[in-house]
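Structure record follows, encoded as structure tokens.
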Amino acid sequence: MKILVCITHVPDTTSRIAFTEGDTKFDKNGVQFIIGPYDDYALARAVELKEQSGGSITVLNVGEADTEPTIRKALAIGADDAIRINAFPTDGLFVAKQIAAVAKDGGYDLILMGRESIDFNGGQVHGMVGELLGIPSVSPVMTLDLEGSNAKISREIEGGKEYMELPLPFVAGCQEPIAEWKIPNMRGIMSARTKPLEVMDPTGDAPKTTVSKFELPPAKGEVKLIDPDNMDELVDLLKNDAKII
Amino acid sequence: MAALAFVEIDEGKVKKSSLEAVSYAHAVAGEVTAIVFGNVSDIEEIGKAGASKVLNVTDEKLATANIMAYSSAIAEAMNQEGSDLLVLAKSSLGDPVSARVSIKVDAALASNVADLPDTSSGYTVKKSIYTGKAFANTDLSGDKKIIIIKKNAIAIKEDGGAAEVVEFSPTINDADFTVTTTKVEKAEGDILLPEADLVVSGGRGLKGPENWGLIEDLAKTLGAATGCSKPVSDMDWRPHHEHVGQTGIKVSPSLYIAVGISGAIQHLAGVNSSKYILVINKDPEAPFFKAADYGVVGDAFDVLPKLTEAVKKAQG
Ligand SMILES: Cc1cc2nc3c(=O)[nH]c(=O)nc-3n(C[C@H](O)[C@H](O)[C@H](O)COP(=O)(O)OP(=O)(O)OC[C@H]3O[C@@H](n4cnc5c(N)ncnc54)[C@H](O)[C@@H]3O)c2cc1C
Ligand SMILES: Cc1cc2nc3c(=O)[nH]c(=O)nc-3n(C[C@H](O)[C@H](O)[C@H](O)COP(=O)(O)OP(=O)(O)OC[C@H]3O[C@@H](n4cnc5c(N)ncnc54)[C@H](O)[C@@H]3O)c2cc1C
Chain A
142 MKILVCITHV PDTTSRIAFT EGDTKFDKNG VQFIIGPYDD YALARAVELK EQSGGSITVL
202 NVGEADTEPT IRKALAIGAD DAIRINAFPT DGLFVAKQIA AVAKDGGYDL ILMGRESIDF
262 NGGQVHGMVG ELLGIPSVSP VMTLDLEGSN AKISREIEGG KEYMELPLPF VAGCQEPIAE
322 WKIPNMRGIM SARTKPLEVM DPTGDAPKTT VSKFELPPAK GEVKLIDPDN MDELVDLLKN
382 DAKII
Chain B
11 MAALAFVEID EGKVKKSSLE AVSYAHAVAG EVTAIVFGNV SDIEEIGKAG ASKVLNVTDE
71 KLATANIMAY SSAIAEAMNQ EGSDLLVLAK SSLGDPVSAR VSIKVDAALA SNVADLPDTS
131 SGYTVKKSIY TGKAFANTDL SGDKKIIIIK KNAIAIKEDG GAAEVVEFSP TINDADFTVT
191 TTKVEKAEGD ILLPEADLVV SGGRGLKGPE NWGLIEDLAK TLGAATGCSK PVSDMDWRPH
251 HEHVGQTGIK VSPSLYIAVG ISGAIQHLAG VNSSKYILVI NKDPEAPFFK AADYGVVGDA
311 FDVLPKLTEA VKKAQG
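Put into structure tokens, the structure is as follows:
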């Protein structure tokens, strides 16, 4: 079983989001970067599948050299080796083309991703990679179990779940409760330092979208507090002031 | 531009978010064709929202949602109709389907689009990013574009007329049917959380699943959907599809009512596009009050029944 896990390098969920250079660049000042939480679920499931049926896990990130600590963390959690495509991930399509180029001749049985990146929230890269490789893509996947060369999965839909069966290989965008996040132990951290991390050049594909400017939403005003014994006033505000009920 | 709108249905009825997509397409392109899979009881709504033609796919093989086959059918429809713009609402089906279509038709794709585009020079969209904490003004290049709109961001216009409904029979490729759906579990009759205009959500402050009647009573009275915080779904007090936040459902209703939820940044990430937020929490220092428009400092077990009563009274 050869598994490819694609990870993003994203600001911690508690980060204050700010921009610099005339609102054209993300302000990395004081921001801690982590493995995308959904990608972390994908990685955790890959580690469990490897424990069950053997094989190897390769992690892949499309990013510049500053993502390497995040990649090393994935190696510490349990991946065997890593590939970094040395390019700034300018949009989902660009990233998908890079991943597909690696996967095309890689012979992976399973390509696991997060359901979405938590910075650009596209939720698209897995579908694009599936189409580029001509294999199925499923997302958001909540459970994934292997039975020989087939898999049984469940996928979240609005208000419920869908259960599916499909042959390997395929691409899955993962979310909870597919596995519990894993915390690297000391041995993992030590061995991660010497695991192979290959740096590759990107393909010549161009992105089709470009961010011209970032914006922050307008700040919230003061909260209006209502006495718990005066719910009629609250209902009146919702009805006649906000006009929403 | 010539637009195709992908319309989804739920329990045989057109989804509200899909009508938002049709209205977006109508505002941008004028002439809109819609594509819808399955039997639709209120197909006239699609015309009202701005489509002049509806391609209806009723092939039995496509009756259950199928990511690969739907993307092939939509790409075929775009080619047949000469569409250079595909518009759809963000959803668990729309996301994976449109990603595949973007490769098939070689289109630029933008997701989480929060407003109508600026077409004064090219095609610039306002995308919601960092889970609602910021926006990116994004330029799309190339001849074809796919726009996935955020829910409740575009107003449904009802200025359209009667659309011509045409049967559409896409080519069936066996390779698109290697994934078999074995079972679908779905709460019936409920208002879908991501579609809802009003949401009542409960957190750990509710103490246990046995107290959810209080949340449900208020939700039912208002015609709202119910949601919850992550620990609540982790502990199985509520199903996972009600979990709101960074790692759950992102909602953008007119009103989000948060009861006994502290307002952790990861929870706020799922609700910060709500028009109004009402927080009910017994702790005046709860961080959620900083993100709220209206607040009640009090015990949920006391406040909820009173609020439900007051709403009923106002409804007459
Ligand atoms: C500081 C900084 C600035 C950035 N600026 C931009 C920008 O201006 N515009 C922009 O579009 N993107 C930008 N990105 C890149 C962004 O992180 C994503 O990699 C990329 O945009 C794809 O995002 P998406 O939301 O479409 O992915 P999704 O479709 O939501 O991602 C789904 C899954 O695909 C995989 N995946 C996504 N991206 C990568 C990757 N880079 N490497 C490996 N696997 C991946 C992950 O498993 C992820 O969970 C920036 C990243 C950083 C760190
Ligand atoms: C990577 C990551 C992702 C996460 N993603 C999410 C996510 O998507 N969604 C999410 O919700 N969380 C998420 N979390 C968890 C988040 O950090 C919080 O732990 C969680 O939101 C807290 O849930 P809560 O508000 O229900 O519980 P608590 O924080 O325990 O808050 C309970 C609140 O109820 C109030 N209360 C108690 N009793 C009463 C009463 N009788 N009447 C009224 N009020 C009362 C208390 O004052 C308190 O404010 C994530 C965390 C991480 C690290």
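Chains as they are written, first to last, in this note's numbering: chain A, 142 to 386; chain B, 11 to 326. Glycine is no exception: its CB is placed at the ideal position from the N, C-alpha and C atoms.
In chain order, Y182, A185, R186 and E189 place their CB closer than 7 Å to the CB of A320 of chain A, counting only its own chain and leaving out the 5 sequence neighbours on each side. Around the beta carbon of N371 of chain A, fewer than 16 other beta carbons sit within 10 angstroms, so the residue counts as exposed. In the DSSP secondary-structure assignment, S211 of chain B is bridged to B:G237 and B:A268. The Cβ atoms of H150 of chain A and G204 of chain A sit closer than 9 Å to each other. In the three-state reduction of the DSSP assignment, R296 of chain A falls in the strand class. Contact between K214 of chain A and P325 of chain A is confirmed by a C-beta separation of about 6 Å, below the 8 Å threshold. Check the Cα spacing between A235 of chain B and each of B:T134, B:V67 and B:A268: the tightest is with B:A268. Using a Cβ-Cβ cut-off of 8 Å, M305 of chain A is close to V189, T190, T191 and T192 of chain B, given in chain order. One alpha carbon belongs to D200 of chain B, the other to S262 of chain B, and they sit about 18 Å apart. Considering only B:A99, B:V67 and B:K100, the residue with the shortest C-alpha distance to I84 of chain B is B:V67.
Contact between V32 of chain B and V17 of chain B holds, with the beta-carbon distance rounding to 7 Å and staying under 8 Å.
Looking from the CA of E54 of chain B, the closest CA among B:K217, B:P241 and B:A172 belongs to B:A172. In terms of beta-carbon proximity, E189 of chain A stays away from the interface with chain B, with every pair separated by 9 Å or more. The three-state secondary structure of S179 of chain B, taken from DSSP, is coil. Collapsing the DSSP output to three states places S27 of chain B in a helix.
Checking the 8 Å criterion, the Cβ of E257 of chain A is within range of a heavy atom belonging to ligand 1. With fewer than 16 other Cβ atoms inside 10 Å of its own Cβ, G218 of chain B counts as exposed. DSSP, read as helix, strand or coil, puts K384 of chain A in coil.
Identification of chain A residues near I77 of chain B by a Cβ-Cβ cut-off of 8 Å yields G268, P277, S278 and V279, ordered along the chain.
In this structure, G219 of chain A and I198 of chain A form a Cβ contact; the two beta carbons are roughly 7 Å apart against a cut-off of 8 Å. A contact is defined here as three or more CB-CB pairs under 8 Å, and the region 367-385 of chain A fails this definition with respect to the region 179-188 of chain B. At the C-beta level, V24 of chain B and I56 of chain B come within 9 Å of one another. Taken residue by residue, none of the region 332-348 of chain A has a beta-carbon sitting less than 8 Å from a beta-carbon on chain B. Contact note: T350 of chain A reaches chain B through A118, L119, A120, T148, D149, L150 and S151, using a C-beta cutoff of 8 Å and chain order. Nearest CB-CB separation between A320 of chain A and chain B: not below the 9 Å threshold.
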